[in-house]
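Let me begin by presenting the structure, written as structure tokens, before commenting on it.
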Amino acid sequence: MTKFKIRFLVVLLFSLLHTGNAQIKKTGVPFITNYSPKSYKAASENWDVLQDSKGMMFFANHFGILQFDGVRWNIVTQPENKSMVRSLAIDAKDKIYVGAQGDFGYAVQLPNGQYKYTSLVKLLPTANRNFGDVLHTVIRNKEVIFFSKEGLFVYKDNKIKVIRPASTFDEFFEVNKVIYVSDNVKGLLKFNGNVLEPLPNSKQFIGLKIKKIFETKNGLVVLTQKDGLFVYKNNQLKNFVTEADYLLKQNQISTGALLSDGYFGIGTRQSGLVVLDSEGKLIQHINKQMGLQHDYVTNLKTDKEGNLWVTLKEGISLIQISSPLSKILDASNSETKIYCSQIYENKLYIATDNGLFWLDWNAYKNGKRENVHFQHISGMSENVWNIGIFGGSLLAFEKNGIFEIKGTSTKLLAKIDGAWQGVIVPNRPDLLLVGGYTGLYLLKRINGSWVYQNKIKGFEESSRVMVTDNDAVWIAHGYKGIFKIKFNKNFDAVWSTEFYNRENGFPSSLFLNTFQIDHQILFGTTKGVYKLDKKTNKMIPDAVFTKYLGMDSHIRLLKEDNQNNIWYVSGENTGKISRKKTGHFDVEELPFRKLRYLYIPGFENIQTTATGDVFFGTQEGLIHYNNTKGKSYQTKYKSIIAEVKCIFPKDSLLFSSRYDVLPTNSEGDDTLFPVLAYSNNALHFSFASLYYDEADATKYEYWLEGFEPKWSDWSLQTEKEYTNLPENSYVFHVRAKNIYDVVSEEAVFRFEISPPWYRTSWAYLLYVLLFFGLLYAIVRYQKNLAEREKAQLILNQEKELLRNRAELNEQKLALEQQNTIIMRENLEATITLKNVKVASNTVNLIHLNEILLSIKELISEIKKEKEAAISFSLLTKINRIIDHELQGDQHWNEFEEIFNQLHDNFMQRLKNSFPELTPRDMRLCAYLRMNFNTKEIAPLLGISVRGVEDTRYRIRKKLQLSSDANITEFILNF
């Protein structure tokens with residue numbers, strides 16, 4: 000219940016005519032944003048305006064209810080008879096009551112964004128359904144009143160009460176919940192809930208064509224179409240004389256609104272908007288010449304930010320009356336670039352790219368602007384770069400030279416090749432140093448006038464930015480660096496020059512500026528404020544300004560005013576640093592956010608006055624600031640999701656307020672949570688913020704929860720598209736940040752992407768069933784396959800066994816055959832060997848028998864011979880025969896041949912390996928291989944056992960055997 004009451008109060012506060020927190024300056028023209036019929040794409044005429052609890056703006060347009068969210072315009076619904084909408088009202092639940100031509104009813108928003116209109120005319124008796132335009136719709140207590148000239152229709156509890164006029168009604172007014180009706184016969188009537196009762200002396204109102212009534216402490220202020228203003232007090236109607244009487248009577252009042260501070264906002268038919276204070280003094284007159292796109296005002300309303308919405312005969316205008324900034328302009332300078340401004344002798348001078356202009360500042364500031372315009376000063380039509388007061392004289396520095404301004408005329412002081420600005424020489428108030436395109440010039444004040452002296456020698460650089468300290472002049476060159484210059488005593492030549500750039504401590508040599516703040520020389524760089532360290536003669540960051548302005552921005556301007564405030568332009572931000580008694584500083588930037596991107600690069604200019612007026616020279620004219628009336632910059636506001644659509648199929652809308660693009664046949668649930676098919680997994684979101692001050696500069700960040708890990712970066716983008724979203728539940732978030740860095744409440748849109756049919760639960764169930772079916776089939780198949788393979792394996796094994804047995808039998812038979820062959824061959828070799836041995840033994844036996852026979856014959860001869868000498872000779876012969884046989888090789892050769900056959904060519908291998916072996920050594924080795932012992936070898940070699948051992952020793956050395964090696968084993972293994 001409490002929440003409901005709060006919403007009702009909020010809506011009530013910002014929707015009624017007599018309420019609003021708007022403040023409007025008297026000086027200058029407020030910032031105006033014009034919306035033409037081409038921009039909102041609807042009919043040119045608009046008759047009413049309201050704002051709902053979220054902040055959405057609605058307008059009564061000829062084509063229907065026109066909605067604006069700060070980014071997009073849409074017709075959201077139309078009356079049942081498709082007629083023009085003339086009046087609107089809204090309740091605490093954001094139900095919009097609509098007055099149209101021959102129809103009235105209400106519109107509510109459905110969960111899908113659509114507005115559904117319901118006509119209430121069907122509740123009327125048929126006889127009362129013939130009426131014209133419903134000019135006013137108001138909500139009072141629990142009833143809604145629809146007003147037309149043919150009758151008053153009171154809607155309550157789904158019933159309508161009709162109150163008819165005696166003739167015709169003229170106009171309808173709601174003043175602090177009191178209803179007044181102007182009757183062409185009875186005058187001004189008051190509605191008491193059931194009937195209309197005339198006011199005392201009500202007939203004095205007949206014929207006045209009343210357009211608006213305000214309640215003030217002095218009585219009812221009555222606005223009439225052609226007769227100006229009246230005050231009704233103590234039952235008497237008296238003229239209310241104002242400063243705008245002639246203007247209002249001549250241009251006809253059409254409507255009005257009560258603004259803050261008791262100001263009257265009055266719309267006219269032929270001259271735009273007039274603002275009066277409670278005493279009738281003219282505060283503002285804003286017409287087409289001052290920026291309003293049409294002079295016929297149909298209605299006025301203020302929104303919750305204090306902006307004034309003006310509906311016009313052609314278009315809609317938003318006037319930012321609560322801003323402390325305004326434009327000093329008229330038709331002559333609305334598109335002029337301002338390089339400098341100066342108030343001198345009650346005149347405001349502006350230096351522009353088209354020359355020098357002036358206007359009567361006192362008259363302009365006091366609101367007398369009808370005949371106050373900027374006037375061009377003849378003789379100066381080129382770029383005027385600077386103007387300033389020096390020694391009581393106003394000087395202008397122009398492309399063609401230096402001029403003195405006297406009232407509305409000029410005097411050329413020096414014709415030079417371009418002058419930028421001038422500064423007084425320290426301790427010499429009679430000398431003026433002028434920075435020019437190609438160096439420095441000197442002027443001297445003689446008898447109250449400035450007289451050109453000479454060009455100063457020794458310096459030829461462009462000197463656009465200059466400041467002075469006690470003994471030097473500092474000159475900033477934007478593309479080179481900083482020059483510190485000292486002059487000789489006569490000021491006709493440069494005595495010394497010091498140069499500072501990046502090598503001397505600056506972060507860069509580009510875009511340097513120099514300023515004098517509190518008698519200290521400071522330097523603006525691309526990385527904060529710097530100063531000179533006199534000990535090291537190097538540039539270092541200034542600690543104070545670093546604390547408040549940081550080191551990340553380009554310091555384009557620092558300027559001190561007479562109230563010890565420091566004005567600055569840092570990057571794109573303008574601000575004011577105020578000194579406190581405690582020594583601390585307050586930094587204020589928010590009121591100046593509108594100035595972003597308006598300055599002329601390199602020619603930033605802020606001019607302050609003793610009265611608190613501050614002027615900013617920009618590309619869009621001269622802008623005025625006065626902080627006498629504050630504006631709240633921390634207003635809460637909402638972001639909205641304007642439209643959601645699926646990209647495929649094309650323009651398949653899910654949520655939209657555009658008229659008749661989605662079904663409105665049922666209201667459904669209070670929330671919208673669409674579940675989309677996978678084929679609709681590409682979505683497009685359009686969003687906006689319900690904050691209308693510099694809406695084009697509002698930034699947004701978004702986040703698709705369920706798809707993205709974090710918020711996006713801030714950008715000016717008001718649309719976002721997603722494609723190929725996987726199946727999931729999603730929440731799209733969006734929030735805005737206005738030019739004052741206030742972040743809005745976020746808007747969300749929840750939706751779900753269904754999986755494709757092949758990833759649904761039924762599909763997965765089918766996949767499980769198919770899997771188990773396939774698994775069963777595979778198992779059955781594998782089982783059958785295993786059984787077949789097992790049977791085949793057994794069969795194969797049996798075959799393999801039979802084959803192996805056959806192969807084994809064949810191998811056994813082959814082996815037996817091979818063994819038989821080998822045995823036969825061995826037997827044959829043995830027989831052959833034995834035959835050889837038998838043959839050899841036979842030969843040896845025969846040879847031995849022959850030897851023995853020879854020896855026997857010789858012995859017989861010894862017996863026959865008696866002589867000893869002959870017997871000795873015969874014995875010697877016998878001994879020689881025996882030695883010959885023992886040493887003969889014939890038998891050995893036969894033995895060696897047989898031995899090699901039996902022992903794998905042993906003798907040849909041994910001889911090749913050890914060529915130093917003698918034949919006797921070879922024989923001994925052969926006998927050792929035959930495993931003969933020493934005693935058996937001795938008679939074979941015909942030597943003693945000792946001789947055999949000696950021979951073995953010699954062979955061991957030739958075979959290079961160690962002492963512990965066995966020669967017999969070596970021979971056997973060789």
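Residue 64 in numbering that gives the first Met the number 0 sits at position 65 of the sequence shown, with consecutive numbering throughout. C-beta atoms are modelled at their ideal positions from N, C-alpha and C, and glycine is treated no differently. As the structure is a prediction and not an experimental result, all values here were calculated from the model.
* **Which residues DSSP lists as bridging residue 538, in chain order** => DSSP output for residue 538 lists 531 as bridge partner(s).
* Would DSSP call residue 316 helix, strand or coil? -> Here DSSP, grouped into helix, strand and coil, assigns residue 316 to strand.
* Asked: Do you know how far the Cα of residue 416 is from the Cα of residue 382?
  -> Spanning the two alpha carbons is a distance of roughly 13 Å.
* Asked: Nearest-angstrom Cα distance between residue 468 and residue 492?
  -> Roughly 18 Å between the two C-alpha positions.
* Asked: From residue 968 to residue 856, what distance separates their C-alpha atoms?
  -> Their backbone Cα atoms lie some 46 Å apart in a straight line.
* Quick one: Cα of residue 46 to Cα of residue 336, how far? -> Taking the straight line from one Cα to the other gives about 37 Å.
* **residue 974 - DSSP class collapsed to helix/strand/coil** => Any question about residue 974 goes unanswered here, given that the chain covers just 0 to 973.
* Asked: Between residue 643 and the rest of its own chain, which residues show a CB-CB distance below 7 Å, the 5 nearest in sequence each way excluded?
  -> The answer, listed in chain order, is 653, 654, 682, 684, 748.
* Nearest to residue 909 by CA position, among 901, 921, 898, 900, is which residue? -> Comparing Cα-Cα distances from residue 909 to each of 901, 921, 898, 900, the minimum goes to 921.
* Asked: In whole angstroms, what is the alpha-carbon distance linking residue 59 and residue 711?
  -> Straight-line Cα distance between these residues: approximately 37 Å.
* Asked: CB residue 247 to CB residue 221, shorter than 9 Å?
  -> With respect to the 9 Å criterion, residue 247 and residue 221 are not classified as neighbours on the basis of their beta carbons.
* In angstroms, rounded to a whole number, what distance separates the CA positions of residue 696 and residue 737? -> Counting only the Cα atoms, residue 737 lies some 7 Å from residue 696.
* Three-state secondary structure (DSSP) at residue 710? -> Reduced to three states, the DSSP call for residue 710 is coil.
* What is the DSSP secondary structure of residue 778, counted as helix, strand or coil? -> The three-state reading of DSSP puts residue 778 in helix, counting H, G and I together.
* Endpoints, beta strand (DSSP E) assigned at residue 465 -> Counted as a single uninterrupted DSSP element, the beta strand (DSSP E) harbouring residue 465 occupies residues 464-467.
* To do: Look at the Cβ atom of residue 78, then the Cβ atom of residue 99, and state whether they are nearer than 9 Å.
  => Going by C-beta atoms, residue 78 is nearer than 9 Å to residue 99.
* Asked: Would you call residue 822 buried or exposed, if buried means 16 or more other Cβ atoms sit within 10 Å of its Cβ?
  -> With fewer than 16 other CB atoms across the displayed protein chains lying within 10 angstroms of its CB, residue 822 is exposed.
* Asked: Between residue 763 and residue 727, what straight-line distance do the alpha-carbon atoms span, to the nearest angstrom?
  -> Spanning the two alpha carbons is a distance of roughly 16 Å.
* Alpha-carbon to alpha-carbon, residue 297 and residue 213 -> C-alpha separation (whole angstroms): 17 Å.
* **Nearest-angstrom Cβ-Cβ length linking residue 546 and residue 283, presumed shorter than 8 Å** => Actually they do not touch by this definition, with Cβ atoms about 40 Å apart.
* **Inside the stretch 121-183 only - beta strand (DSSP E) runs reaching at least 3 residues** => Fully enclosed beta strand (DSSP E) runs of 3 or longer: 133-139, 142-147, 150-155, 158-162, 168-174, 177-182.
* Asked: Around the Cβ of residue 954, are there at least 16 other Cβ atoms within 10 angstroms (buried) or fewer (exposed)?
  -> It counts as buried.
* To do: Could you say which of 649, 395, 391 lies nearest to residue 428 if we only look at CA atoms?
  => The option with the nearest alpha carbon to residue 428 is 391.
* Please name the residue in 438, 105, 488, 925 whose C-alpha comes closest to that of residue 475. => Among 438, 105, 488, 925, the Cα nearest to that of residue 475 belongs to 438.
* Contact under 9 Å by Cβ, residue 716 with residue 739 -> Contact flag unset, no.
* Where residue 374 sits in the DSSP three-state scheme -> Of the three classes helix, strand and coil, the one that applies to residue 374 here is strand, per DSSP.
* **Sheet register partners of residue 47 (DSSP bridge)** => 59.
* N- and C-terminal bounds of the beta strand (DSSP E) containing residue 953 -> No beta strand (DSSP E) holds residue 953; the alpha helix (DSSP H) holding it covers 944-957.
* **Nonlocal neighbours in the same chain, by C-beta distance under 7 Å from residue 121, ignoring five residues either side** => Around residue 121: no qualifying Cβ.
* Using the Cα positions of residue 786 and residue 750, report the straight-line distance between them to the nearest angstrom. => One C-alpha to the other measures close to 56 Å.
* Asked: Which first and last residues belong to the alpha helix (DSSP H) in which residue 244 is found?
  -> Unbroken alpha helix (DSSP H) run through residue 244: 244-250.
* To do: Give the secondary structure of residue 66 by DSSP, where H, G and I count as helix, E and B as strand, and everything else as coil.
  => If DSSP states are grouped into helix, strand and coil, residue 66 belongs with the strands.
* **Distance between residue 53 and residue 387 (C-alpha atoms, nearest Å)** => Rounded to the nearest whole angstrom, the C-alpha separation of residue 387 and residue 53 is 50 Å.
* **CB contact flag (residue 326, residue 27, <9 Å)** => In this structure, residue 27 lies closer than 9 Å to residue 326 by Cβ.
* To do: Taking residue 422 as the reference, give the member of 610, 460, 465, 456 with the closest Cα.
  => Ranking the options by Cα distance to residue 422, first place goes to 465.
* Asked: So what's residue 757 in DSSP terms, helix, strand or just coil?
  -> Residue 757 sits in a helix when the DSSP states are folded into three classes.
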